[in-house]
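Taken in order, the sequence shown gives residues 616 to 1104; the numbers are from my numbering. Don't be surprised by glycine CBs; every beta carbon is placed ideally from N, CA and C.
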Amino acid sequence: MGVRERERQLADVKTHEFKEASVRAISDPQLQAALSRAPVSLNQGRLEAIHEITPQRWEGLREQAREIKRHTLDNLDYYLEMAHEKVSQNGGQVHFARDDKEANAIIADLVRSRGVRLVTKGKSMVSEEMGLNHALADIGVEVVETDLGEYIIQLADETPSHIIAPALHKTKQDVSHLFAEKIGRPNLVEIDEMARAARETLREKLLQADMGITGANFVVAETGTLVIVTNEGNGRFCTSVPRIHVALTGMEKLIPSFEDLAIFLRLLPRAATGQRISSYVSFISGPRRSQDEDGPEEFHLVIVDNGRLRLLQDPELRESLYCIRCGACLNICPIYRKVGGHAYGWVYPGPIGAVISPVLVGLERAKDLPYASSLCGACREVCPVKINIPHMLLTLRTRLMEGTATQYRKVTLWEKLLAWSYYRLMRSPATLSLVHKIGRLMQMPLARGGRIRKVPIPPFSRWTRDRDLPALPARSFRQIWEEELSKEE
Ligand code: SF4
């Protein structure tokens, strides 16, 4: 990878602009309309699917999945070796890439040595990490995204805004304009018409491509089988029509056996979209055999580290590698639901992005992300592998405040004094009650309808710069509690 590509990759990382990007996102009515619909309906689908399978059964599956992930990561070297051996026995080639640079170089070598001119791609978050499309364009290769959402954002020259719904931020009208401008298909009104137009354009590319590149939802170590879960047929085209298939995967996608896979195949579609099973579940074990009618002549599996070993070696954050990229934590997160995916500034948005991006791109470049959370715990509640995201966000906040993230400032004396005063206040009911009374008096000229829109004095003025401050209620919680108790007596 050249210097130009590296510079562009770093320029593409905008995690340090979270605050500014959030303010822009909140003031974008179109984005707000999209965010008020799609995540809510995905979340509703998840709830209905859990209800159908029963919450008890769901809990059991979550526990099993967690245990499988824990076991696999504890023995990752063993399963990596097993997968390597099995894929090789199946006629495929395994490549290990330490980082995005190495992964891009591996693919560039394959492309050059095999004279590839056109690549069709299935959905792959790892390829987004690598900036693969740009890297291939730099060496004169045409890359076409074939997942509909990815195709739309490729036409718009944007990045995905959701893990499973990359174009979630786009309206029907946006896509209609895009298709008219970029692929010469004007006046499309209905989603079906747009899907048909995309299909017709993509079908041609899918049939001409020399190489198909996909991600992988799971890699089953015992057989060396790649598992791809999708709702569109593009994945099967990319893996079976071109003469070369390259699969990109993070090392955390390994699971030991098909028995384990059965657990994840029940969890993933339900958590992601509320489906019992996705429309296509493809199992790929190597290239075409002599008796096969179709399939690629070559199969390559590129297993990418790109910071994952750092996560693996970090006892506090290791659990983030359990993630199966279902997107459920995004759909429930009150922050994601207001600011959308682009505000997070890199490939992985939402609560899980706020944990893994700081490690993968550097805490220094993503210092606001661990604070992009109300710590309500909803992400942990919905996660099909019960990842304790709030705990990891607190860990990252602690590291930032303790200065373990190199150039970050230490906690000031003033902040320590504030924390100590708060601690003392919360331990003294009489003082707390007095402070409440004073606060209620002071807020009288500012409070309207239970909210304070603007406080003129710091530090509260900073809070009301971007949002309202809830006014102190007329009665404290303690008063309400005592009144309720006396009613019962
Ligand atoms: S952290 Fe959990 S809920 Fe969020 S994407 Fe990963 S698996 Fe899904």
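Do residue j and residue i have their beta-carbon atoms positioned less than 8 Å apart in this structure?
i	j	result
D715	G675	no
S935	M866	no
P911	R858	yes
A969	S637	no
K787	I806	yes
A664	G889	yes
F1131	I918	The structure shown does not extend to residue 1131, since the chain is modelled only from 616 through 1104, so no value can be given for it.
L817	V734	no
K953	L650	yes
A763	E815	Contrary to the premise, residue 763 reads as Leu rather than Ala in this sequence. Their beta carbons are not under 8 Å apart, which means L763 does not touch E815 by this criterion.
L932	L924	no
W1061	V1070	Before going further, note that residue 1061 is Leu rather than Trp in the sequence given. Contact: yes.
A862	L916	yes
S893	V856	no
Output the distance between the C-alpha atoms of residue i and residue j, rounded to the nearest integer angstrom.
i	j	result
A698	F914	14 Å
I1095	Q679	43 Å
A810	A1086	49 Å
T1117	S897	Here the chain comprises residues numbered 616 to 1104, so residue 1117 is not present and cannot be evaluated.
G956	A987	12 Å
V1000	W961	23 Å
M1016	V1026	6 Å
V702	P985	38 Å
F577	I899	Here the chain comprises residues numbered 616 to 1104, so residue 577 is not present and cannot be evaluated.
P966	I1004	7 Å
F633	P964	11 Å
R661	K1031	43 Å
Y895	K797	29 Å
Q1058	R1068	11 Å
Q906	Q645	53 Å
F1092	S791	52 Å
R1080	I641	13 Å
L1009	E908	54 Å
R903	G737	19 Å
I939	L883	7 Å
K1102	R672	41 Å
R1012	H686	28 Å
E744	A752	16 Å
T1046	R1077	26 Å
R1063	R1082	14 Å
E602	E1097	Any answer about residue 602 is impossible in this case: the structure gives the chain only from 616 up to 1104.
So, for residue i: in the same chain, excluding its five sequence neighbours on each side, which residues have a beta-carbon less than 7 Å away from its beta-carbon?
i	result
F833	V842, K868, I870, L876, F879
R980	V628, T630, H631
R800	F794, A812
C944	G965, P966, I967, C994, V997, C998, I1004
A782	G764, I767, I768
G977	none
Keeping to the same chain, check which residues put their C-beta closer than 8 Å to that of residue i; ignore five residues upstream and five downstream.
i	result
L731	Here the sequence assigns Val to residue 731, which means Leu is not the residue at that position. Excluding sequence neighbours, V731 sits near L725, V756, D825, M826, I859.
S989	P949, I950
I754	A723, V726, R727
Which residue comes first and which comes last in the beta strand (DSSP E) that contains residue i?
i	result
S739	Where S739 is concerned, there is no enclosing beta strand (DSSP E), given that its DSSP letter is neither H nor E.
Y693	Unbroken run through Y693 is the alpha helix (DSSP H), 691 to 704; no beta strand (DSSP E).
M1041	Here M1041 belongs to no beta strand (DSSP E); instead the alpha helix (DSSP H) covers 1028 to 1041.
L662	Here L662 belongs to no beta strand (DSSP E); instead the alpha helix (DSSP H) covers 644 to 668.
Q708	708 to 712
A862	859 to 865
V917	913 to 919
G827	826 to 829
Quick check on the DSSP output: the alpha helix (DSSP H) that includes residue i runs from which residue to which?
i	result
I1095	1092 to 1103
I878	873 to 888
I721	715 to 728
T1010	1004 to 1017
Output needed for residue i: all residues of its chain with C-beta closer than 6 Å, excluding positions within five of it in sequence on either side, in chain order.
i	result
N705	G839, S900, G901
L975	G922
I778	R940, G942
Next item on the list: Any chance you could list the residues with Cβ under 5 Å from a heavy atom of the ligand SF4, keeping chain order?
Entry: C938, I939, C941, A943, C944, I967, C998, I1002
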